[in-house]
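Residue numbers (my numbering), protein chains in the order written: chain A, 2 to 311; chain B, 7 to 342; chain C, 210 to 533. Ideal Cβ placement from N, Cα and C applies to all residues, glycine included. Just so it is clear, the structure is predicted and the values come from calculations on it, not from any experiment. Working notes, beginning with the structure itself.
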Amino acid sequence: MSEGTVQSLSRIRARAIKGFLRQLLGHGGAQLGLVCLVFFVAVAAMPNILVGPLQTAITATGDFLAPPSGQHLLGTDDVGRDVLNLVAHGARISLTIALLATVISLIVGTIVGITAGYFGGWVDVWLMRLTDFFFVVPSFVLALVITPVVLEVMGRGGEILGFRPSLFVIIVVIGLTSWAFIARVIRSQTLSLKERTFVDRARIAGSSDTSIMVRHILPNLVPQIAANGALVVANAIYIETSLSFLGLGDPLQPSWGTLLSLAQRAGAASVGAWWYLGAPGICVLMVSLAFVLIGNALDDTFNPRRRVIP
Amino acid sequence: MSNTSKNTTPPLLIVDGLTVDYGTKGVSLRAIHDVSFELRAGEAVALVGESGSGKTTTAMAIAGLLSPNARVAGGEVRYRGSPLPIDDDAAMRPHRWSETSVVFQGAMNALNPVHRIVNQIAEPCVLHGMSRAEAMARARELLELVGIPADRGAAYPHQLSGGMRQRVMIAMALACRPSIVIGDEPTTALDVINQAQVLKLLVDLRTKFNLALILITHDLSVVAESCDRVMIMYSGRIVEDGSVADIFAEPKHPYTRLLMDSIPNPAEGKRMLRPIPGDPPTLMKRPLGCAFHPRCPSAMAICATEAPHLNAYGKGRVACHLHNSLAPADKVSVNA
Amino acid sequence: MSRRIGAIFLRAMMTLLMVATLNFILFRVIPGDPASLLLGGARISVTAEQIEAQRQSWGLDRPLFPDQVVDYLSATVHGDFGYSFKFRGRHVADLILERLPATIALVGLAQFIAILCGVMLGVYAGWRRGGGIDHVATGASLALYSTPSFWLGMLLVVIFSTALGWLPGYGASSPGATIGFVAWLLDYLRHLALPVFAVALGLIGQYVVVARAAMSDVVTEDYMVTARAKGLTNGQMLMRHAFRNAMLPVVTLVSLNLGYVVAGAITVEAVFAWPGIGGLTVEALNARDYPVLQGVFLLLGVSIVIANLIADLAYGLLDPRVKQ
C-alpha cells in the first residue's frame, strides 16, 4: 500500500467518523443519554472532592432519617449519614461493577460468537447450545445461585484488586452469565462477514484462522459490539442493583443497590423516608436509561432499519 | 388528445392536470406535475419511466392509494364522468378494488403470510357486498381461471412458487370485477419463463373481460407485447404519449429514443444494455427548464430555462422543444 | 412438523440437564461434603438420621462420576431436592410447593395485566407511529424498562401505603378478623395489589417497546398496501392483517420472558414480604440455605423450559411458515 493510499484511507475514515458523530449527536435521545452519563461519570470519578470521604455510622453528621435540608440536600439515612454522600460514592461502585462486568461479557460473548460463526459445524452447534442456556436462564437467577456459593468458597474478608470479595464475585458472575445475547448477535454478523471477499483474500494469502478472526472480522463487528454493549451495561446495572438489594453486596463498599437494601431494612418505605430510597433509585433509573438511549441511538446510526431493544 | 378522438364513447378515466406533492418534515416535494391523460374501457396503457419518474405516484393516485403524506396540489381524476375524491382516504374506500384493482410486484410480500390464499382472494368480495359462501366460490373460480387448481387455495403464500403467487395476485385483482387493473411491475420479480407466462395471462384476461390496463414498468420490452399505448414519464411529467406502434417505430422525445436504444436487441448483436448517461434527477434536486436537458444529447439553450409543454404532435403527444412549433423564438434569444 | 417438535423437546431437556448439572457442581464446590455442610449449615435443626438418609440417597461415599451424578439426577427427577437448613430440615420440595401459589398469583396477574395494557398500547403506538400517544408511551416505556421493579414497589409503598394509606404494603393478610372466604379473598387481593402493580409496570415498559417495534415493522409491509387497496378500513387492516403478524415477535418475547418475570418478582416479593418463592429465596439467601436456593433454581429452570415449549408451539400455530 503506498503512502498516498494510506493517507487518503485515513482521511476517509476520519470523515466517516465525523459524519457518524454528527448523526449520533443529532439524535435527541443520545444527547440526553450522553449528558446524563457524563454527569454520573464525573461524580463517580471524584466523589471525595465533591462530597468528602464515604461516611460511616461513626463519622455520620446528621440526625436519623432527617428529610432534605440545606445542610443535607438529600436528607440522611437511619444512622445519620448524608444520603448525597452515600449516593455519590455509590455511583463509583455501581458504575465500576457494571462496566467491568460488561467488559467480561463483551469479551466472552465476542469470542463465543466469532468462533461459532467462523468455524461452523459442530463447534457452532455446541457453542450455540451453551449460548441458548445462558440466553433463556436469566443471568440474575444464575448469579443468585452462584454468588453465595462462590462467596462461601472464597470467604468475605479482605480485598481482591481493590474490591471487597462480594463485589469482585458479583462482577465476575454478572460478566460470565450475561454474554449470550452478544454471542448471538456476533455470530450472525460473523456468518455474513466470513462470506465476504476480504476473508477469502486473507485466507488465500495464508493468514491463520485466528489472525483472520482478529484482524479481519473483529474490526467489522465493532458497531454491533458498541451498540449492544450499551444495553449490556444497562442490564448489568439492573442485575447488580437487584443482587445487592437482596443482600449480596458489601456494606463497606455500598453500591446503589446496597443502599436500597439498607433503606428497605431500615423500613424507609413504611416511615415515608422517600429521600433515602428515592435518591439511589433515581440514579439507577437515570444511568440505565442513559445507556439504553445511547445504545438505541448507536444502533439507529449504524443500521437505521433495525432496533436493538429486544 | 387527438390519439383517441376517433373513439366516440366517453373515456372511462380522465386524469386532468394532476399534481401531487409529498410533504416530509415541512419540505414539500413535487412527485408528479400536471399529468393529463385519458383511459378508455378495455384499453391497455403502459406507464414507463425510471424510478422516481412519478409513474407509481400517478397509478397510486388513480387507485386512491396515495400515502398520507401526499397532497393533491392541483388537477383531478374523473371516473365515469365524476371526480374521484383521491385525497380522501375514507371516501375512496368503496371505489378501491371494486372499480380499480392493483397487481402488485413481488407477490411474496404483497400477500399476507399468515392467511390462506383463498381467503385473501375472497376478502375483497365480502367487503364489497358478497356473502361469505359466494365469495369463497368466487375465489375458487378465480383460482381456476388463472390456472391454479382450486384445492390449492388452502395453501399459504410461502408454499407457492413466485409465478404462482403472482397468479394469485392476478386472481385477487379480478375478484370484484373491476373496470381498471393497474399492474405495478407485475413481472419484475420473476424469472424469464414465468415473466412471459404471467404477462400472457394478464393480456388474455384483459381481453376476455374487456379490462382497462395500466401497466407500470421500466422495461420497454414488456410493453410491446401487452399494450396499445405508451406514456413515457420523466421526473414527474409525461414527456411522450403515443401508440406502441408509433413510439417503437419513431420515438420523438430524445429520452424515449435513448430508452429504445437501451433495449438489448440480439438481432442486431447489441447484447449489452446501454445505460443512459448521467443520473436521473431526484425529487429534491430537479433541473430548471426541461428536467432532461442535462442528459439530453440534443439540448438547446431554451431547454435549460423553459419546461416544454406536452403538446399534440402527429397522432400522439410530446413534451420537447425540438418538436414544439410554438416555441417562441424571441424568448430563446433573450435567455441565451 | 413432528421433527420440529422433537427438536424443541430435545432442546428443553438439554436446558434442564444443564440446570441440574450446575446445581450438582455448585453443591459440591462448597468445602466439605454436602452432608456435613448440611449439618453445619443447619446448625441444630437437622437430625443425624436425616443426614444419613441424605448421604445414602446421594451416595456420597461412592465416586463422583458417574455414580453420584446419576443418583443426584434420579433423586431430582423424583422430586427429592433434599432438606432445608433453615426450616428445621423440612423437604425443599414441600417448602417450594407451599410457597408456589402466592408467586403464581403475583406473576400470573401481573403478566395478564402487562400483556393486556402493554401489548395494546404498544400496538397502538406502532400503528400510529409518531403520534402523541406514541411519544408519551415510548418515553414512559423506556423509563419503566430502565427501572428496577422492586424500586417501583418501594415507591408504591411510600405513596399508596404510607402517605395515602389506601393499600397495605406488607404481607399477604391482615392480622385478625378475616372470617369467611370472601373476606379473606378481598383482603388477599388488597395485599396483592401493590406487588402486582410493581411487577406489571416494569413489564408494561418492555411489552410496549416490543409490540411497538413489531407493529411499526408490519405497517411498512407490502401486504398492508394490498389490504388498503382492497378497500379495508383502518380498523379492518389493523385487526385482520397487522395484528396477527405483529403478534409473532410479541408471543416469543412474552413466553421467553417468564424467567425474567419471576426473577423480577423475587425482588418485589422481598419488598412486600410476599410469602411466595421470592420471599423464600431471600430467606434462604440470608440463611445460606443452599438446598432451598437450588430447588428454586431448578423450579425456575423447569418453568422457563415449559414457557419456551409453549412459545415454540404457539408460534407454530400463529405462523404457518414454521410448520415445515
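Outcome for residue i when other beta-carbon atoms lying within 10 angstroms are tallied against a minimum of 16
i                 : result
Ala-251 (chain C) : For Ala-251 (chain C), the predicted structure reports a pLDDT of 46, less than 50, and the residue's modelled location is therefore unreliable. The matter cannot be settled from this model.
Arg-277 (chain B) : Residue placement at Arg-277 (chain B) cannot be trusted, given a pLDDT of 45 that sits under 50; what the coordinates show is reported in the next sentence. Result: exposed.
Pro-310 (chain C) : exposed
His-591 (chain C) : Because chain C spans 210 through 533 in this model, residue 591 (chain C) falls outside it and cannot be assessed.
Asp-94 (chain B)  : exposed
Pro-184 (chain B) : buried
Arg-197 (chain A) : exposed
Gly-275 (chain B) : Bear in mind that the predicted position of Gly-275 (chain B) carries a pLDDT of just 49, short of 50, making it unreliable; the figure below should be weighed with that in mind. Counting Cβ neighbours within 10 Å, Gly-275 (chain B) comes out exposed, since fewer than 16 surround it.
Gly-348 (chain C) : exposed
Candidates the options, of which the one nearest residue i by Cα
i                 : options                                    : result
Phe-303 (chain A) : A:Ser-245, A:Val-174, A:Gln-225, A:Ile-213 : A:Gln-225
Ile-94 (chain A)  : A:Val-42, A:Arg-216, A:Leu-247             : A:Val-42
Leu-412 (chain C) : C:Gly-485, C:Ser-350, C:Asp-396, C:Val-286 : C:Ser-350
Gly-153 (chain B) : B:Ala-160, B:Thr-193, B:Leu-219, B:Gln-203 : B:Gln-203
Ala-50 (chain B)  : B:Gly-58, B:Gly-70, B:Asp-27, B:Leu-19     : B:Leu-19
Leu-467 (chain C) : C:Asn-517, C:Pro-484, C:Ala-422            : C:Asn-517
Val-151 (chain A) : A:Phe-135, A:Val-137, A:Leu-168, A:Leu-162 : A:Leu-168
Ser-104 (chain B) : B:Asp-247, B:Cys-182, B:Lys-206, B:Gly-284 : B:Cys-182
Ile-519 (chain C) : C:Asn-495, C:Val-463, C:Val-477            : C:Val-463
Ile-171 (chain A) : A:Leu-263, A:Leu-100, A:Asp-301            : A:Leu-100
Phe-233 (chain C) : C:Leu-507, C:Pro-529, C:Leu-403, C:Asp-343 : C:Leu-507
Leu-145 (chain A) : C:Ile-513, C:Gln-503, C:Leu-226            : C:Gln-503
Val-514 (chain C) : C:Ala-523, C:Gly-215, C:Leu-225            : C:Leu-225
Gly-91 (chain A)  : A:Asn-297, A:Gly-114, A:Leu-260, A:Ala-267 : A:Leu-260
Ala-160 (chain B) : B:Val-132, B:Ile-123, B:Met-178            : B:Ile-123
Whole-angstrom distance between residue j and residue i, CA atom to CA atom
i                 : j                 : result
Asp-426 (chain C) : Gly-331 (chain C) : 12 Å
Glu-312 (chain B) : Ser-42 (chain B)  : 19 Å
Tyr-416 (chain C) : Val-459 (chain C) : 8 Å
Glu-147 (chain B) : Ile-186 (chain B) : 20 Å
Asp-289 (chain C) : His-300 (chain C) : 8 Å
Asn-49 (chain A)  : Leu-253 (chain A) : 16 Å
Pro-229 (chain C) : Phe-236 (chain C) : The residue you asked about is not Pro; residue 229 (chain C) is Ala in the sequence shown. Cα-Cα distance, rounded: 11 Å.
Val-228 (chain B) : Asn-317 (chain B) : 26 Å
Pro-287 (chain B) : Ala-297 (chain B) : 7 Å
Val-480 (chain C) : Val-419 (chain C) : 28 Å
Glu-478 (chain C) : Trp-275 (chain A) : 19 Å
Leu-509 (chain C) : Gly-176 (chain A) : 21 Å
His-327 (chain B) : Asp-40 (chain B)  : 17 Å
Ser-241 (chain B) : Leu-289 (chain B) : 8 Å
Gly-135 (chain B) : Ile-92 (chain B)  : 22 Å
Ala-284 (chain C) : Arg-308 (chain C) : 21 Å
Asp-300 (chain A) : His-344 (chain C) : 19 Å
Gly-29 (chain A)  : Phe-21 (chain A)  : 15 Å
His-217 (chain A) : Arg-202 (chain A) : 10 Å
Met-129 (chain A) : Met-223 (chain C) : 12 Å
Three-state class that DSSP yields for residue i in the structure shown
i                 : result
Pro-257 (chain B) : coil
Ser-355 (chain C) : coil
Pro-149 (chain A) : helix
Leu-244 (chain A) : helix
Met-170 (chain B) : helix
Tyr-162 (chain B) : coil
His-39 (chain B)  : strand
Asn-5 (chain B)   : Given that chain B is displayed from residue 7 to residue 342, the structure contains no residue 5 (chain B) and the question cannot be resolved.
Leu-441 (chain C) : coil
Asp-133 (chain A) : helix
Met-237 (chain B) : strand
Ala-50 (chain B)  : strand
Glu-246 (chain B) : strand
Cβ contact check for the segment 230 to 249 of chain B and the segment 257 to 268 of chain B: 3 or more pairs under 8 Å: Cβ pair count under 8 Å is three or more, so yes.
At least 3 beta-carbon pairs within less than 8 Å: the segment 274 to 290 of chain A vs the segment 82 to 91 of chain A: Yes: the two stretches touch, three or more of their Cβ pairs being nearer than 8 Å.
Within 8 Å, do at least three Cβ pairs link the segment 185 to 199 of chain B to the segment 60 to 78 of chain B? Three or more pairs of CB atoms, one per stretch, sit closer than 8 Å, so the segment 60 to 78 of chain B contacts the segment 185 to 199 of chain B.
Taking one C-beta from the segment 133 to 149 of chain A and one from the segment 243 to 250 of chain A each time, how about it: are there three or more such pairs within less than 8 Å? The segment 133 to 149 of chain A makes contact with the segment 243 to 250 of chain A, as at least three CB pairs between them are under 8 Å.
Quick check: the segment 440 to 460 of chain C against the segment 365 to 378 of chain C, are at least 3 beta-carbon pairs closer than 8 Å? Two segments are said to touch when three or more pairs of C-beta atoms, one from each, lie closer than 8 Å; by this definition the segment 365 to 378 of chain C does not touch the segment 440 to 460 of chain C.
Do three or more CB pairs link the segment 108 to 123 of chain A to the segment 182 to 195 of chain A at distances below 8 Å? Yes, the segment 108 to 123 of chain A is in contact with the segment 182 to 195 of chain A.
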